[in-house]
Ligand SMILES: Cc1cc2nc3c(=O)[nH]c(=O)nc-3n(C[C@H](O)[C@H](O)[C@H](O)COP(=O)(O)OP(=O)(O)OC[C@H]3O[C@@H](n4cnc5c(N)ncnc54)[C@H](O)[C@@H]3O)c2cc1C
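In my numbering, the protein residues as written are 14 to 309.
Printed below as a string of structure tokens:
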């Protein structure tokens, strides 16, 4: 049996089936089949901060969002010819940065978006503007997913514990500082209007922390809740098999031990590819040495 319900529902399904932290299961009246305390623990995500600016030129997506005729036009263009403004995600531009020599990897990721994301994209912007999304790639805060009740139809309790560690808070501040540095470059000058968020008067750590706490949003990368490993909190072994239960595997983003430096889709596809090779008993490929940039 392969469980692939994602990082929220895979631990939920295991817990409903009696596989999880015995104390937590007993609390909601689930019979314990196997005490596996790591199920639902180690929850990680990318929490992102938006650094938003008004745009001095009418070159953003604002016109499109607010004009039903343009929406229709570009919608039809995409539908009929696979071309035009709606034929791509507008999030193609991004980059990585290292905020401090304490890190031996680029610890912050940026996406540039030629408009504003407000309330998860549910609200339209009211002006031409653009933004960076920036987040620490390897946050150290850890959360959990637990059953609310034994009813499968009930949502589980999801506690991310974002910004729990000072290291994560510092990296979020650095997200803002590096974004500001990039936006202050000469090439942005003709476009760069007023800083909308956090707002240029928000400068010291306390002010930044307040805005970060109030405005950061998930990048929708929940992961690591059935981590692969060999310690007592691991849920699956290196063959993706659930410890202590025969013929049961988890194959999805929940088996990552640590969140990866980047968006999760490609890594999740690779987990599935690798798991299918393991299940089919294919010979493991030889590692290939690739020359890539390493921070000094
Ligand atoms: C809004 C959004 C935007 C994203 N953008 C990007 C991006 O641009 N790039 C990127 O790399 N990643 C992106 N991600 C992240 C990426 O999509 C996920 O990390 C990835 O899909 C995780 O794969 P998964 O297999 O673990 O879980 P999922 O893709 O969530 O798959 C789990 C599947 O299990 C099904 N399921 C759940 N419970 C049950 C059940 N009880 N019974 C049967 N089926 C069940 C679900 O319907 C779902 O189809 C985004 C995620 C979201 C939500």
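Every residue gets a Cβ at the ideal spot worked out from N, C-alpha and C, and that includes glycine.
Use the C-beta contact count for residue i: other C-beta atoms within 10 angstroms, 16 or more gives buried, fewer gives exposed.
i           : result
residue 238 : buried
residue 40  : exposed
residue 159 : buried
residue 185 : buried
residue 20  : buried
residue 182 : buried
residue 240 : buried
residue 66  : buried
residue 28  : buried
residue 164 : exposed
residue 101 : exposed
residue 94  : exposed
residue 199 : exposed
residue 53  : buried
residue 118 : exposed
residue 245 : exposed
residue 120 : buried
residue 213 : exposed
residue 74  : buried
residue 34  : buried
residue 42  : exposed
residue 14  : exposed
residue 306 : exposed
Are the C-beta of residue i and some C-beta of chain B separated by less than 7 angstroms?
i          : result
residue 18 : Although the question refers to chain B, the structure presented lacks it and comprises just one protein chain.
If you draw a straight line from the C-alpha of residue i to the C-alpha of residue j, how long is it?
i           : j           : result
residue 24  : residue 16  : 9 angstroms
residue 166 : residue 31  : 16 angstroms
residue 215 : residue 202 : 21 angstroms
residue 4   : residue 69  : Nothing in the structure corresponds to residue 4, since the chain is present only between 14 and 309.
residue 261 : residue 255 : 6 angstroms
residue 145 : residue 196 : 9 angstroms
residue 131 : residue 137 : 7 angstroms
residue 133 : residue 148 : 16 angstroms
residue 287 : residue 26  : 23 angstroms
residue 154 : residue 274 : 15 angstroms
residue 290 : residue 299 : 14 angstroms
residue 282 : residue 18  : 14 angstroms
residue 98  : residue 218 : 39 angstroms
residue 301 : residue 168 : 43 angstroms
residue 103 : residue 71  : 16 angstroms
residue 243 : residue 257 : 13 angstroms
residue 171 : residue 230 : 15 angstroms
residue 9   : residue 263 : A question about residue 9 goes unanswered here, because the residues of the chain that appear run from 14 up to 309.
residue 250 : residue 22  : 19 angstroms
residue 38  : residue 109 : 41 angstroms
residue 211 : residue 76  : 24 angstroms
residue 141 : residue 129 : 8 angstroms
residue 227 : residue 221 : 10 angstroms
Give me the DSSP bridge partner(s) of residue i.
i           : result
residue 172 : 157
residue 254 : 262
residue 229 : For residue 229, which the question treats as bridged, DSSP gives no partner whatsoever.
residue 121 : 110 and 149
residue 47  : 32
residue 63  : 146
residue 183 : Bridge partners of residue 183: none, in fact.
residue 210 : 65
residue 241 : 249
residue 136 : 131
residue 16  : 263
residue 57  : 236
Any chance you could list the residues with Cβ under 5 angstroms from a heavy atom of ligand 1, keeping chain order? 18, 19, 22, 233, 265, 266, 276, 277, 278 and 281
Would you check if the segment 165–184 and the segment 55–66 touch, i.e. whether three or more CB-CB distances between them fall below 8 angstroms? yes
Evaluate the contact criterion for the segment 183–202 versus the segment 34–54: three or more CB pairs, one atom per stretch, below 8 angstroms. no
Closer than 8 angstroms is the cut-off here; do at least three beta carbon pairs connect the segment 267–275 with the segment 227–242? yes
Indicate whether the contact test is met: 3 or more Cβ pairs, each with one atom in the segment 76–95 and one in the segment 289–299, closer than 8 angstroms. no
Closer than 8 angstroms is the cut-off here; do at least three beta carbon pairs connect the segment 86–95 with the segment 119–131? no
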